[in-house]
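**Q** Counting from 1, one number per residue, gives the positions in the sequence shown under full-length UniProt numbering. Encoded as structure tokens, here's the structure I'll be asking about.
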Amino acid sequence: GLNFIDLMVRQGNIDNPPKTPLVPGFECSGIVEALGDSVKGFEIGDRVMAFVNYSAWAEVVCTPVEFVYKIPDDMSFSEAAAFPMNFVTAYMMLFEVANLREGMSVLVHSAGGGVGQAVAQLCSTIPNVTVFGTASSFKHEAIKDSVTHLFDRNADYVQEVKRISTDGVDIVLDCLCGENTGKGLSLLKPLGTYILYGEQFSCELSCTFLEKCFSNRAIVVFQWWQVEKVNPIKLYEENKVIAGFSLLNLLFKQNRGGLIKGVMDKLLNLYNNKKIKPVVDSLWALEEV
Numbered sequence: 001g002l003n004f005i006d007l008m009v010r011q012g013n014i015d016n017p018p019k020t021p022l023v024p025g026f027e028c029s030g031i032v033e034a035l036g037d038s039v040k041g042f043e044i045g046d047r048v049m050a051f052v053n054y055s056a057w058a059e060v061v062c063t064p065v066e067f068v069y070k071i072p073d074d075m076s077f078s079e080a081a082a083f084p085m086n087f088v089t090a091y092m093m094l095f096e097v098a099n100l101r102e103g104m105s106v107l108v109h110s111a112g113g114g115v116g117q118a119v120a121q122l123c124s125t126i127p128n129v130t131v132f133g134t135a136s137s138f139k140h141e142a143i144k145d146s147v148t149h150l151f152d153r154n155a156d157y158v159q160e161v162k163r164i165s166t167d168g169v170d171i172v173l174d175c176l177c178g179e180n181t182g183k184g185l186s187l188l189k190p191l192g193t194y195i196l197y198g199e200q201f202s203c204e205l206s207c208t209f210l211e212k213c214f215s216n217r218a219i220v221v222f223q224w225w226q227v228e229k230v231n232p233i234k235l236y237e238e239n240k241v242i243a244g245f246s247l248l249n250l251l252f253k254q255n256r257g258g259l260i261k262g263v264m265d266k267l268l269n270l271y272n273n274k275k276i277k278p279v280v281d282s283l284w285a286l287e288e289v
């Protein structure tokens, strides 16, 4: 699987990057070729998908059994490689952190990305959930059917959301950071939850920023200082919640593999019941990566 974090690793724009030489990648799919002596529940030849702490882009990978999951019979290897990170991130933010329920509303930035599309699909499994999404205009055609109200990411989406929902939204999922933080907080209803996610908060996670980053790394600092400073007393007075979410930290630093396993079981049940389906954007040979 190819995710935005992989591009940031390639550029060296992450905290504590691993020493080179390294093999990138955090998720993959394949066939079990060997098992540890105490491994149960898997057999050689099983079709599986897995999280890996780097080195996923390889012909052979080794990872703890708690990070490995069987692939449903009708799921392709390419779909499986695009499934774990996006859908686990989306599910845990919506249901474990924000407690999504019937009748709620969600604003998700980068709605055309992998996590954004997973968020839209998961919201559709709950009755009467309204999804507001921002995305680059060229992505609108591909995602218009999964997002209730879609806005150009460069437009004044705050006024558009308020025009449709005067009270604002219950959940904001923000991978952009920067000036969007203040805008999102202004849209949050009382008892609403604002979640910062993604593996990079020293920059704005967007294709536009990625292009700028190649030419001027100083923009990284500029984007970070655009983040609105939040007064805890104001959160108390307005009954709002701010949270953060990092799937890689949960997996590889905070030892929550068992929790992730339970989430994957729920997601695979949704997949088997035709409620969700990973979207494969494109396929690349390793030689082309």
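Even for Gly, the Cβ is constructed at its ideal location relative to N, Cα and C.
Alpha carbons only, please: which of N53, K229 and N13 is nearest the one belonging to C177?
**A** Closest option to C177, Cα to Cα, is K229.
**Q** From C175, A34, F151 and K189, pick the residue whose C-alpha is nearest to that of I195; which is it?
**A** The residue with the shortest Cα to Cα distance from I195 is C175.
**Q** Leaving out five residues before and five after M93 in sequence, what residues of the same chain have Cβ atoms less than 7 Å from its Cβ?
**A** The residues are L173, I195, Y197 and F245.
**Q** Let me confirm a value: R153 is counted as buried when at least 16 other C-beta atoms fall within 10 Å, else exposed. Which label applies?
**A** That one is buried.
**Q** Answer with buried or exposed for L22, where buried requires no fewer than 16 other C-beta atoms within 10 angstroms of its C-beta.
**A** L22 should be labelled exposed.
**Q** Identify, in the order they occur along the chain, each residue of the same chain with its Cβ nearer than 6 Å to the Cβ of F151, setting aside the five sequence neighbours on each side.
**A** The residues are T134, Y157 and E160.
**Q** Pick out whichever of V289, K183 and C123 has its Cα sitting closest to the Cα of A98.
**A** Among V289, K183 and C123, the Cα nearest to that of A98 is on C123.
**Q** To the nearest angstrom, report how far apart R10 and E237 are at their CA atoms.
**A** Rounded to whole angstroms, R10 to E237 spans 43 Å at the Cα level.
**Q** Around the C-beta of Q117, are 16 or more other C-beta atoms found within 10 angstroms, so that it is buried, or is it exposed?
**A** That one is buried.
**Q** Quick one: what's got a C-beta closer than 6 Å to I14's C-beta in the same chain, skipping five residues either side?
**A** Once the five neighbours on either side are set aside, the close Cβ partners of I14 are M8.
**Q** Take the Cβ of A120 as the centre, count every other Cβ of all protein chains shown within 10 Å, and call the residue buried at 16 or more, exposed below.
**A** So A120 counts as buried.
**Q** Buried or exposed: N272, going by 16 or more other Cβ atoms within 10 Å of its Cβ?
**A** Exposed: under 16 other Cβ atoms inside 10 Å.
**Q** Is the separation between the beta-carbon of V48 and that of V32 shorter than 7 Å?
**A** In contact: V48 and V32 (Cβ atoms closer than 7 Å).
**Q** Between the alpha carbons of E102 and D170, how many angstroms are there, rounded?
**A** If I take the Cα positions, the gap works out to 11 Å.
**Q** Helix, strand or coil, according to DSSP, for T181 in the structure here?
**A** Of the three classes helix, strand and coil, the one that applies to T181 here is helix, per DSSP.
**Q** What residue does the beta strand (DSSP E) around Y69 start on, and which one ends it?
**A** Unbroken beta strand (DSSP E) run through Y69: V68 to K70.
**Q** Return the CA-CA distance between D167 and P17, expressed in angstroms with no decimal places.
**A** Distance between the alpha carbons of D167 and P17: 42 Å.
**Q** When the Cα of Y69 is compared with those of E59, V52 and A58, which residue comes out closest?
**A** Ranking E59, V52 and A58 by Cα distance to Y69 puts V52 first.
**Q** Suppose the cutoff is 6 Å on Cβ atoms and the five residues either side in sequence are ignored; what does the same chain contact list for A218 look like?
**A** Below a pLDDT of 50, predicted positions are generally treated as unreliable, and A218, at 46, falls in that range; no measurement from the model is reported.
**Q** For E287 and M264, what's the separation of their Cα atoms in angstroms?
**A** Whole-angstrom Cα-Cα distance: 31 Å.
**Q** Let me make sure I understand the geometry here. Which of G30, F95, R163 and A142 has the alpha-carbon closest to that of A81?
**A** Cα-wise, what sits closest to A81 is G30.
**Q** Enumerate in chain order the residues of its own chain whose CB-to-CB distance from V65 is below 6 Å, with the five nearest sequence positions on each side excluded.
**A** The answer, listed in chain order, is V39.
**Q** Rounded to whole angstroms, what is the Cα-Cα separation between K139 and V108?
**A** For K139 and V108, the distance between alpha carbons rounds to 14 Å.
**Q** Answer yes or no: does any C-beta atom of chain B fall closer than 7 Å to that of A58?
**A** The chain inventory of the structure shown lacks chain B, comprising one protein chain alone.
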